[in-house]
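Positions 1 to 217 (UniProt numbering) are the ones given, in order, by the sequence shown.
Every residue, glycine too, gets a C-beta built ideally from N, C-alpha and C.
First the structure, in the form of structure tokens, and then the observations on it.
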Amino acid sequence: MARNNRSILVVGLGRFGSSVATTLDSMGQDVLAVDKDPELVNRWSAQVPTVQADMTDVLAVEQLNASDFDTAVVAIGDSVEASVITAGNLLDAGISDIWAKSVSKEHARILQRIGARHIINAETDAGKRVGHLVSGNYLDYIEIEGSHTVVKIHTPSHVVGYSIADAKVNERYGVTVVGIKAPGSEFQYGSKELVMHRNDELVIMGKQDNIDKFIRG
Numbered sequence: 001m002a003r004n005n006r007s008i009l010v011v012g013l014g015r016f017g018s019s020v021a022t023t024l025d026s027m028g029q030d031v032l033a034v035d036k037d038p039e040l041v042n043r044w045s046a047q048v049p050t051v052q053a054d055m056t057d058v059l060a061v062e063q064l065n066a067s068d069f070d071t072a073v074v075a076i077g078d079s080v081e082a083s084v085i086t087a088g089n090l091l092d093a094g095i096s097d098i099w100a101k102s103v104s105k106e107h108a109r110i111l112q113r114i115g116a117r118h119i120i121n122a123e124t125d126a127g128k129r130v131g132h133l134v135s136g137n138y139l140d141y142i143e144i145e146g147s148h149t150v151v152k153i154h155t156p157s158h159v160v161g162y163s164i165a166d167a168k169v170n171e172r173y174g175v176t177v178v179g180i181k182a183p184g185s186e187f188q189y190g191s192k193e194l195v196m197h198r199n200d201e202l203v204i205m206g207k208q209d210n211i212d213k214f215i216r217g
């Protein structure tokens, strides 16, 4: 079931942060991107809401009303110190859902110790994938060759209690249920008679627009 849009603060507009921010914005999420570099802010301002600020400064965090945001992504990669201080400032501001990019095991360990909930290994987690995960609609997201995507989601409310065949998942939405994992049960491949229950995890494949349509119902 898709959750309501959340407000997300993305700090750092390098290659990774800009990819996260633009992905979230394209999904209709309420996103604000922040960087202390005016050139980067200017470069991305036409594509995503941006503001210039140094988030290692507590005063800047307060002026941005950071405490109003549900989630923050700390995408600073050029300075471990700035990354850790920023994450700490955002935690102090009351944002508990912090996603922070790490550039080393030591960096990740420090971020975990101060309370960052999700540590992103920037070498393996592409910004686009992280953007989709941060949005909260997907439990996992894998982009494959061509226009298709594989995602893991909870059963959308409009198909709870229906079999894959009765819900006409493929005919109506153009997506394929690859398999279903019910709580406490083994993964089952998506045969047409399988019934989708509320807390099941569905692995589905299809084009991005069709997947979003299936989630929304």
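Below 7 Å CB to CB, which residues in the same chain sit around residue 170 once its five sequence neighbours on both sides are set aside?
Shown here for residue 170: same chain residues with a beta carbon closer than 7 Å to its own, the five before and five after excluded, namely 176 in chain order.
Chain C within 9 Å of residue 212, Cβ atoms only
In the structure shown, chain C does not exist; there is a single protein chain.
For residue 80, which residues of its own chain have a beta-carbon under 6 Å away from its beta-carbon, when the five flanking residues on both sides are left out?
For residue 80, where only same-chain residues beyond five positions count, the Cβ hits under 6 Å are 107.
Thinking C-alpha only, which one of 164, 153, 6, 197 is nearest residue 69?
Checking every option, the nearest Cα to that of residue 69 belongs to 6.
Taking the runs of the alpha helix (DSSP H) that are 4 residues or longer, which of them lie wholly in the segment 14 to 88?
Here the runs fully enclosed are 15 to 26, 38 to 44, 58 to 63.
CB-CB length for residue 19 against residue 131, believed under 8 Å
Right, their Cβ atoms sit about 7 Å apart.
Where in the UniProt domain "RCK C-terminal" (136 to 217) do unbroken runs of the beta strand (DSSP E), each at least 3 residues long, occur, reported from the N-terminal end onward?
If we require 3 residues or more, the beta strand (DSSP E) runs fully inside the UniProt domain "RCK C-terminal" (136 to 217) come out as 140 to 143, 148 to 154, 176 to 181, 187 to 189, 201 to 207.
State the DSSP-derived secondary structure class of residue 120, mapped to helix, strand or coil.
It is a strand residue.
Check whether residue 196 and residue 155 have beta carbons under 9 Å apart
The answer is yes: Cβ separation under 9 Å.
Buried or exposed by the 16-neighbour rule on C-beta atoms within 10 Å, applied to residue 189:
The C-beta of residue 189 has fewer than 16 other C-beta atoms within 10 Å across all chains shown, which makes the residue exposed.
Between residue 53 and the rest of its own chain, which residues show a CB-CB distance below 7 Å, the 5 nearest in sequence each way excluded?
Non-local C-beta neighbours of residue 53 in its own chain, meaning closer than 7 Å and more than five positions away in sequence, comprise 34, 36, 60, 64, ordered along the chain.
Selection from 29, 114, 103, 43 that minimises the alpha carbon distance to residue 92
Check the Cα spacing between residue 92 and each of 29, 114, 103, 43: the tightest is with 114.
So for residue 103, helix, strand or coil by DSSP?
Here residue 103 carries a coil assignment [DSSP, helix/strand/coil].
Tell me, which residues are paired with residue 7 by DSSP?
Answer is 30.
Going by C-alpha distance, which of 48, 212, 40 is nearest residue 25?
Residue 48 is the option with its Cα nearest to residue 25.
If we count the other Cβ atoms within 10 Å of its Cβ and call it buried at 16 or more, is residue 102 buried or exposed?
Under this definition residue 102 is a buried residue.
What separation, rounded to the nearest whole angstrom, lies between the Cα atoms of residue 214 and residue 166?
About 14 Å.
So for residue 110, helix, strand or coil by DSSP?
DSSP places residue 110 in helix when its eight states are reduced to three.
Taking 9 Å as the threshold (C-beta atoms), are residue 32 and residue 51 in contact?
Yes, the pair counts as a contact, with Cβ atoms nearer than the cut-off.
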